[in-house]
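Engineer: Mind having a look at this structure? Questions to follow.
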Amino acid sequence: MRKNSTYTAILRHFANSPVAGPLLTFVLVFITFLIYVPNFATWRTISGIITAVSISGFVTMGITILMIAGEFDLSVAPMIAMSGYLFGTISTGADSVIVKTLLTLGFPVEGGNLGLAIFAALLVPSIMGAFNGLILVLTNIPSFIVTLGTRQIYRGIVWIVAGGVLFQTIEKLPLYEVFNGRFDIVNKLPFLEGANFRTAMFWMLGAAILFQFVLVRTRFGNHIFAVGGGEGAANAQGVRVNRTRVMAFILNGFLAGMAGIISFSQFRSVRVAEQAGIELTAIAASVVGGALLTGGYGSVWGAIIGILIINMLRSGVILLKIPFISADNFPAIVGVTIIAAVIFNNYLRNRSSS
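Just so you know, our numbering puts the end of the sequence shown at 361, numbered straight through with nothing missing.
Structural data, given as structure tokens:
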């Protein structure tokens, strides 16, 4: 009798976890493709799916933290572009407005400055995030509207700074390999034939561990959940609501900065419209990963599983070669997945509470 009650308690705890729905969905989708797609269960395909989320994974983590706090950010793409541009031009010492300005100010960037490149690529998007948060708390305008506006402002700023042109380099700095190079120590293992894992995967995994810890084990994380659960209740508990919101936007900007560094390290180029639309993909992944649009619920691990599900669907559909489903109408698949995931997650929560 006691074993049954313990088993029931464990199941209820799992079902009530933000990770339960996404994890079960992931297993279901994986098994489905395993059965119907001949070449799906290969290390080449699996490593390709994981590599594909190395950039969007950072963005999804930031968006999920904001959604738990009850907010959104639609200005992430220009943050990524700004980060990539700063990282690329400063690390190479390229002839650009940024490098010329830094030289005028006395910064040693001639020939490239790797430390300053990383610092600037993380600091500036964090400041952009802080600006979003400050507008939100000072005006009480919904974050959806605030960031819809700042998205256009930031894109214009990136356009001015970059001169409206593509920046690319043929330099192969060791730092680029550190952030997003081939991880051949793992790829060359005998049992991982055909694998193409990249170092960015481990940066994303490290960030996921860190920010999941922040969410569930720190006072700030508790404040994030409290603010998303209800401003009135959070105020009653002594939570500094406005400061928490601004900090959440700063974290989102920081993670967008990491995405910019990872992206430039892989492609050695950056466009003004870099990663356009990635915000909506991240929101979709967050919802599939168990986060509520109303706030107060979600997890970083759920977010990572959510973005893996979306990319697994994309790879699986391509390998299935379904005539009427192409890259152009794949968003329809994502839409169906979002609705199905929300229904399934709600079902699990209702079952666990009954």
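For each residue, glycine too, the CB sits at the ideal point set by N, CA and C.
Predicted model, so just to flag it, every value in this text is computed and none were measured.
By the three-class DSSP mapping on this structure, what secondary structure does Gln-175 have?
Structural biologist: Residue 175 sits at position 168 when you count from the first residue of the sequence shown. In this structure, DSSP gives Gln-175 an extended state, which the three-state scheme calls strand.
Engineer: Please specify which runs of the alpha helix (DSSP H), each continuous and at least 4 residues long, are wholly inside the region 90 to 177, giving them in chain order.
Structural biologist: The region 90 to 177 contains these whole alpha helix (DSSP H) runs: 104 to 111, 121 to 146 and 150 to 169.
Engineer: Once you ignore the five residues that flank Val-185 on each side, which residues in its own chain have a CB closer than 7 Å to its CB?
Structural biologist: The sequence position of residue 185 within the sequence shown is 178, counting from 1. The answer, listed in chain order, is Thr-206.
Engineer: Are the beta-carbon atoms of Ser-293 and Ile-56 separated by less than 8 Å?
Structural biologist: If you number the sequence shown from 1, residue 293 lands on position 286. If you number the sequence shown from 1, residue 56 lands on position 49. Taking 8 Å as the Cβ cut-off, Ser-293 and Ile-56 do not qualify as a contacting pair.
Engineer: Would DSSP call Val-277 helix, strand or coil?
Structural biologist: Translated into positions along the sequence shown, residue 277 becomes position 270. Three-state DSSP puts Val-277 in a strand.
Engineer: How about Arg-158 and Leu-81: are their beta carbons less than 8 Å apart?
Structural biologist: Here residue 158 refers to the residue found at position 151 of the sequence shown. Here residue 81 refers to the residue found at position 74 of the sequence shown. Yes, Cβ-Cβ distance for Arg-158 and Leu-81 is below 8 Å.
Engineer: To which residues of the same chain is Trp-308 closer than 7 Å at the C-beta, ignoring the five residues directly before and after it?
Structural biologist: Here residue 308 refers to the residue found at position 301 when the sequence shown is read from its first residue. Within the same chain, Trp-308 has close Cβ partners Val-26, Ala-215 and Gln-219.
Engineer: Please name the residue or residues paired with Arg-189 in a DSSP beta bridge.
Structural biologist: Translated into the one-based positions of the sequence shown, residue 189 becomes position 182. Note: Arg-189 sits in a beta bridge opposite Arg-205.
Engineer: Classify Leu-73 as helix, strand or coil using the three-state DSSP reduction.
Structural biologist: Looking up residue 73 in the sequence shown gives position 66. Helix, per DSSP.
Engineer: Rank Leu-180, Ile-42, Val-277 and Ile-152 by C-alpha distance to the C-alpha of Ala-169 and give the top, closest one.
Structural biologist: For the purposes of this step, residue 169 is taken as the residue at position 162 of the sequence shown. Checking every option, the nearest Cα to that of Ala-169 belongs to Val-277.
Engineer: Between the C-alpha atoms of Phe-40 and Leu-93, what's the straight-line distance to the nearest angstrom?
Structural biologist: Walking along the sequence shown from the start, residue 40 turns up at place 33. Walking along the sequence shown from the start, residue 93 turns up at place 86. Each residue's alpha carbon lies about 40 Å from the other.
Engineer: Can you tell me which of the three DSSP states Phe-271 falls into?
Structural biologist: Taking the first residue of the sequence shown as position 1, residue 271 is located at position 264. In this structure, Phe-271 counts as helix in the three-state DSSP scheme.
Engineer: Can you round the beta-carbon distance between Ile-312 and Phe-33 to whole angstroms, since I take them to be within the 8 Å contact cut?
Structural biologist: Working through the sequence shown from its first residue, we reach residue 312 at position 305. Working through the sequence shown from its first residue, we reach residue 33 at position 26. Beta-carbon to beta-carbon, Ile-312 and Phe-33 are separated by about 5 Å, close enough to satisfy the 8 Å threshold.
Engineer: Pick out whichever of Val-234, Leu-196 and Ile-53 has its Cα sitting closest to the Cα of Val-246.
Structural biologist: Start at 1 with the first residue of the sequence shown, and residue 246 comes out as number 239. Just measuring C-alpha positions, the residue of Val-234, Leu-196 and Ile-53 sitting nearest Val-246 is Val-234.
Engineer: Would you kindly work out how many angstroms separate the C-alpha atoms of Phe-126 and Tyr-43, rounded to a whole number?
Structural biologist: Counting from one through the sequence shown, the residue named residue 126 turns up at place 119. Counting from one through the sequence shown, the residue named residue 43 turns up at place 36. Looking at the two C-alpha atoms, the distance is approximately 46 Å.
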